[in-house]
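Engineer: In numbering that gives the first Met the number 0, the protein residues as written are 0 to 116. C-beta: ideal position from N, C-alpha, C; glycine also.
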Amino acid sequence: MSYVDGFILAVPKDKIEAYKAQARRAGEVWREHGALSYVEAIGDDVPYGELTSFPRAVLATEDEVVVFSWITYESRQSRDEVLKKVMADPRLQDDMQNMPFDGKRLIYGGFEIFLET
0 MSYVDGFILA VPKDKIEAYK AQARRAGEVW REHGALSYVE AIGDDVPYGE
50 LTSFPRAVLA TEDEVVVFSW ITYESRQSRD EVLKKVMADP RLQDDMQNMP
100 FDGKRLIYGG FEIFLET
């Protein structure tokens, strides 16, 4: 069964171009190591909800934009193998040390896909 890693984070608006550059590099590396797809989406219609919302989840401030991204794989096993290779890839080492967002507010998780139409 297919597998997906999902991410939600807040990126300062003045650092969005740096984030996009890092995302492009990361996408190339993930795909090269076996990910089926790598998608990054910038929030365009993500209102701040009264109880729950994407901005609340990552404690986004007025000067930040919410980013929602996901990576798909053939399976959980494939994801684990790809992730090992990606984490060891020297092309991303500087990016991991100099992220243009607060990594403490990054929300992520792995999910087994049960329906895809």
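Mind checking Asp4: buried by the 16 CB within 10 Å criterion, or exposed?
Structural biologist: buried
Engineer: Once DSSP output is grouped into helix, strand and coil, what is the label at Pro11?
Structural biologist: Pro11 falls in the strand class under three-state DSSP.
Engineer: Let's test the definition: count the other Cβ atoms within 10 Å of the Cβ of Tyr2 and tell me whether it reaches 16, buried, or not, exposed.
Structural biologist: buried
Engineer: In this structure, how does DSSP classify Val28 when only helix, strand and coil are distinguished?
Structural biologist: In the three-state reduction of the DSSP assignment, Val28 falls in the helix class.
Engineer: Rounded to whole angstroms, what is the Cα-Cα separation between Tyr37 and Phe67?
Structural biologist: 11 Å
Engineer: Could you spell out where the beta strand (DSSP E) holding Ala40 opens and where it closes?
Structural biologist: Per DSSP, the unbroken beta strand (DSSP E) holding Ala40 starts and ends at 36-41.
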